[in-house]
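Engineer:
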Amino acid sequence: MQLEGQIRIPSGCAIAAVISKEGKKMSGKSIVDSMVPMHERSNGLGGGFAGYGIYPEYKDFYAFHFFFNNKIVQKECEQYLKESYEIVKAQPIPVRKIPAIVDEPIIYRYFLAPLRSAVADAQLDEREFVARTVMHINIHIKGAYVVSSGKNMGVFKAVGFPEDVGKFYRLDEYEGYSWTAHGRYPTNTPGWWGGAHPFALLDYTIVHNGEISSYDANRRFIEMYGYKCTLQTDTEVITYIADYLLRKQGLTLDELASVIAAPFWSTIAKKSPEEKQKLTYLRTVYSGLLVTGPFSIVLGFDGGLMALNDRLKLRSMVVAEKDDKVYIASEEAAIRVMAPNVEDVYAPEGGEPVIVKVQESKY
Amino acid sequence: MIIDATQYNNEDLNDKIRNCDCEIRIDNCLGQRFIGAGLTSKSITVNGTPGNALGAYLNGAQIVVNGNAQDAVGDTMNEGNIFIHGNTGDAAGYAMRGGKIYVKGNAGYRAGIHMKAYKQKLPVMIIGGRCGSFLGEYLAGGIIIVLGMNKDGKRIVGNFPCTGMHGGKVFLRTDDDTIDFPSQVNVHTADSEEIKEIAPYVEEFCKVFGKDSKEVLGGHFAVVTPNSANPYKQMYVEN
Numbered sequence: 076m077q078l079e080g081q082i083r084i085p086s087g088c089a090i091a092a093v094i095s096k097e098g099k100k101m102s103g104k105s106i107v108d109s110m111v112p113m114h115e116r117s118n119g120l121g122g123g124f125a126g127y128g129i130y131p132e133y134k135d136f137y138a139f140h141f142f143f144n145n146k147i148v149q150k151e152c153e154q155y156l157k158e159s160y161e162i163v164k165a166q167p168i169p170v171r172k173i174p175a176i177v178d179e180p181i182i183y184r185y186f187l188a189p190l191r192s193a194v195a196d197a198q199l200d201e202r203e204f205v206a207r208t209v210m211h212i213n214i215h216i217k218g219a220y221v222v223s224s225g226k227n228m229g230v231f232k233a234v235g236f237p238e239d240v241g242k243f244y245r246l247d248e249y250e251g252y253s254w255t256a257h258g259r260y261p262t263n264t265p266g267w268w269g270g271a272h273p274f275a276l277l278d279y280t281i282v283h284n285g286e287i288s289s290y291d292a293n294r295r296f297i298e299m300y301g302y303k304c305t306l307q308t309d310t311e312v313i314t315y316i317a318d319y320l321l322r323k324q325g326l327t328l329d330e331l332a333s334v335i336a337a338p339f340w341s342t343i344a345k346k347s348p349e350e351k352q353k354l355t356y357l358r359t360v361y362s363g364l365l366v367t368g369p370f371s372i373v374l375g376f377d378g379g380l381m382a383l384n385d386r387l388k389l390r391s392m393v394v395a396e397k398d399d400k401v402y403i404a405s406e407e408a409a410i411r412v413m414a415p416n417v418e419d420v421y422a423p424e425g426g427e428p429v430i431v432k433v434q435e436s437k438y
Numbered sequence: 268m269i270i271d272a273t274q275y276n277n278e279d280l281n282d283k284i285r286n287c288d289c290e291i292r293i294d295n296c297l298g299q300r301f302i303g304a305g306l307t308s309k310s311i312t313v314n315g316t317p318g319n320a321l322g323a324y325l326n327g328a329q330i331v332v333n334g335n336a337q338d339a340v341g342d343t344m345n346e347g348n349i350f351i352h353g354n355t356g357d358a359a360g361y362a363m364r365g366g367k368i369y370v371k372g373n374a375g376y377r378a379g380i381h382m383k384a385y386k387q388k389l390p391v392m393i394i395g396g397r398c399g400s401f402l403g404e405y406l407a408g409g410i411i412i413v414l415g416m417n418k419d420g421k422r423i424v425g426n427f428p429c430t431g432m433h434g435g436k437v438f439l440r441t442d443d444d445t446i447d448f449p450s451q452v453n454v455h456t457a458d459s460e461e462i463k464e465i466a467p468y469v470e471e472f473c474k475v476f477g478k479d480s481k482e483v484l485g486g487h488f489a490v491v492t493p494n495s496a497n498p499y500k501q502m503y504v505e506n
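Line order of the protein sequences matches chains Z and U.
Under my numbering, the first residue of the first sequence carries the number 76, and numbering increases by one thereafter.
Under my numbering, the first residue of the second sequence carries the number 268, and numbering increases by one thereafter.
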């Protein structure tokens, strides 16, 4: 496999998402179908999906999805996990063999319960403990990649077109209250299984259409706080920024949006004194986390999602609502696959977050 | 000819359109791109949601959309009409140099970016509702008219309108004097000559979309034109 620096793919991407505000379960079929009219936005070098609410029977355990290059590294990784986790269940993720998806790694999932003694010994809260496990594996166990690590959710990704990736992972057999999707057209970095979207840490997932000009500035900032970018592509860093600002710094989703898609100083100057102070604070303290360059992203998390465009809106993204559902996609056509008769399709402004949460206790 | 788009991808749909010397109606359109690209003399009605780059390089054909259009409608078009009974996405009329794009509803970001005019070529874009940010960015020629008839209470135009504008005219039907224009453009109230200049287009727009042209033209129009005294002198370096 050729990695970053050894290959350059000249160049787009497609994203889509659906969520039920009432927590009603939907099969993965319609999100997979929504990617079909956006086929041209991808080039077959990556596709992926995140589903939330898909493991109700194991909802109290961290669901780790893994790619392993071989069985030796899988054994090594299991050995490492057993030091501090109880493996409640381990199984290959069921796939459907289709000609469009080839050369798959070993794809496995583990439902894990951190050992209390290990967590106490590390003097960390449980989620931080789990996040560090993910980082450790991705950095130190060569050939093992944690694809997702949240509770009652999972990421399914591969090299291929998204509609084929959906078939491969049998997503029609899963039911979730929220789904996000991505079709990849890698612009600078190689198309490989780990580099497909969504990128995930704990329950946070990111799908992204665009290219981050500030990647290295963002990476240098975030790597000071225990994260390590190992997956050979820019989007990974947004996932860690979201985890850092939301979980560690305790920012709200709106504040997260004001950091990564901070308004221009000239726009801030026109705000009310109170807002001006807040936006100035966020831009100043987290200046290294301003994400520049074109992007439209959907951040998935436990019980909700957030869609956001870069402040110049250099990528398209539209939103529509019908009944209990909210739909988001790069193109209106994708929304109309999921909901043909939706009425008001609108485009949020650049930097204006669209935040959707499932009603409390409904997920 | 009536084409049910359900079974066709971009290429097959556009082949069918190209190979038919007749009036075309496309039903159930869902995201197929490049519809009518480069066509000179056909009439196409699209029912549904056409994909990106609808009527790109259009060279005289007529396109009517019953629905919303996506991004980059009329990219670099040279001649012809695109009438949209709905909204349009980002970068409508990107670098168009002739013909007309009329949108009943709203337009996204960067409507009319880098439109240009040459000799008898004068592109015209009319947006019935409102526009996103960067309206008429780098405008070099032609006419953009925004009528502000949206009912969502939002401003007629987003941030940074007419940034980099160095030719052409932008008409905004509003009396909102708080819109921030760059210092390289001038803004004045349209006089009767200027209203006369846009009247034929606005009347045609009203006829197509069933609006009262007297009422529309009776509104207050602000006109944006470039400040002609080498406005970009020393923007980056002395030139």
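Positions of the beta carbon are idealized from the N, C-alpha and C atoms, including for glycine.
State whether the stretch 394 to 406 of chain Z contacts the stretch 90 to 104 of chain Z, with contact taken as three or more CB pairs (one from each stretch) at a distance under 8 Å.
Structural biologist: yes
Engineer: Which residues, taken in chain order from the stretch 355 to 374 of chain U, show a beta carbon closer than 8 Å to some beta carbon of chain Z?
Structural biologist: G356, D357
Engineer: Where E250 of chain Z and V475 of chain U are concerned, what is the direct C-alpha to C-alpha distance, given to the nearest angstrom?
Structural biologist: 46 Å
Engineer: Do you know how far the Cα of S495 of chain U is from the Cα of F274 of chain Z?
Structural biologist: Near 50 Å, if we compare the C-alpha coordinates of S495 of chain U and F274 of chain Z.
Engineer: To the nearest angstrom, how far is the alpha carbon of R322 of chain Z from that of L331 of chain Z?
Structural biologist: The C-alpha of R322 of chain Z lies about 11 Å from the C-alpha of L331 of chain Z.
Engineer: Residues of chain Z with a CB under 7 Å from the CB of R300 of chain U: which are they?
Structural biologist: E115
Engineer: Helix, strand or coil for R83 of chain Z per DSSP?
Structural biologist: Caution is warranted here: a pLDDT of 47 is assigned to R83 of chain Z, below 50, making its placement in the model unreliable, and no coordinate value can be reported.
Engineer: Let me confirm a value: V491 of chain U is counted as buried when at least 16 other C-beta atoms fall within 10 Å, else exposed. Which label applies?
Structural biologist: buried
Engineer: Quick one, which residues of the stretch 308 to 332 of chain U are near chain Z if we go by CB-CB under 9 Å, in chain order?
Structural biologist: Within the stretch 308 to 332 of chain U, G315, T316, P317, G318, N319 place their CB atoms closer than 9 Å to a CB of chain Z, listed in sequence order.
Engineer: Helix, strand or coil, according to DSSP, for P273 of chain Z in the structure here?
Structural biologist: coil
Engineer: Tell me which same chain residues have a C-beta within less than 6 Å of the C-beta of S391 of chain Z, skipping the five on either side of it?
Structural biologist: Residues of the same chain with a CB within less than 6 Å of the CB of S391 of chain Z, apart from the 5 flanking positions on each side, are S405 in chain order.
Engineer: Over the uninterrupted alpha helix (DSSP H) stretch that includes H487 of chain U, give me the two end residues.
Structural biologist: Looking at the DSSP string, H487 of chain U is not in any alpha helix (DSSP H), and its letter there is neither H nor E.
Engineer: Does V93 of chain Z come within less than 8 Å of chain U when only Cβ atoms are used?
Structural biologist: no
Engineer: Whose Cβ in chain U lies nearer than 7 Å to the Cβ of E407 of chain Z?
Structural biologist: T316, N335, Q337
Engineer: Residues of chain U with a CB under 7 Å from the CB of T280 of chain Z: which are they?
Structural biologist: What T280 of chain Z touches in chain U: nothing, since even the nearest Cβ is about 25 Å away.
Engineer: Using a Cβ-Cβ cut-off of 8 Å, state whether E424 of chain Z counts as contacting chain U.
Structural biologist: Taking 8 Å as the threshold, the shortest C-beta distance from E424 of chain Z to chain U falls below it.
Engineer: Any C-beta of chain C sitting closer than 8 Å to the C-beta of Y376 of chain U?
Structural biologist: The chain labelled as chain C is not found among the protein chains of the depicted structure, namely Z and U.
Engineer: Does the beta carbon of V523 of chain Z sit closer than 8 Å to a beta carbon anywhere in chain U?
Structural biologist: Past the edges of chain Z, shown from 76 to 438, lies residue 523 of chain Z, and the structure says nothing about it.
Engineer: Ignore the nearest five residues each way along the sequence and tell me which others in A317 of chain Z's own chain have a CB closer than 7 Å to its CB.
Structural biologist: Y279, I281, L331, L374
Engineer: Since T280 of chain Z sits in a beta bridge, which residues does DSSP pair it with?
Structural biologist: Z:A275, Z:G375
Engineer: According to the Cβ coordinates, are E346 of chain U and G365 of chain U closer than 8 Å?
Structural biologist: Result yes, Cβ atoms of E346 of chain U and G365 of chain U sit closer than 8 Å.
Engineer: Under a CB-based cut-off of 8 Å, is R83 of chain Z close to chain U?
Structural biologist: Residue placement at R83 of chain Z cannot be trusted, given a pLDDT of 47 that sits under 50; what the coordinates show is reported in the next sentence. Output row for R83 of chain Z: interface = no.
Engineer: Spell out the partners DSSP gives V452 of chain U in its beta bridges.
Structural biologist: U:P493
Engineer: From what residue to what residue does the beta strand (DSSP E) around M392 of chain U run?
Structural biologist: 391 to 394
Engineer: With a cut-off of 8 Å on the beta carbons, I'd call S400 of chain U and N426 of chain U a contact; round off their distance for me.
Structural biologist: 4 Å
Engineer: Put D318 of chain Z into one of helix, strand or coil per three-state DSSP.
Structural biologist: helix
Engineer: Closest to G357 of chain U by CA distance: which of U:M363, U:F448, U:A378, U:I351 is it?
Structural biologist: First, the amino acid is wrong: residue 357 of chain U is Asp here, not Gly. Looking from the CA of D357 of chain U, the closest CA among U:M363, U:F448, U:A378, U:I351 belongs to U:A378.
Engineer: Run through chain Z and tell me which residues come within less than 8 Å of L297 of chain U, C-beta to C-beta.
Structural biologist: The answer, in chain order, is P112, A408, R411, V412.
Engineer: Which value, in whole angstroms, describes the spacing of the CA atoms of V370 of chain U and E350 of chain Z?
Structural biologist: 35 Å
Engineer: How many whole angstroms separate the CB atoms of D247 of chain Z and I176 of chain Z, which I take to be in contact at a CB cut-off of 8 Å?
Structural biologist: With 8 Å as the limit, D247 of chain Z and I176 of chain Z do not qualify as a contact, their Cβ atoms being about 15 Å apart.
Engineer: Could one say the Cβ of V490 of chain U lies closer than 8 Å to chain Z's Cβ atoms, at least one of them?
Structural biologist: no
Engineer: Sorted by chain position, which residues of the same chain lie with C-beta nearer than 8 Å to D377 of chain Z's C-beta, five sequence neighbours on each side aside?
Structural biologist: Y127, G225, K226, N227, M228, D278, Y438
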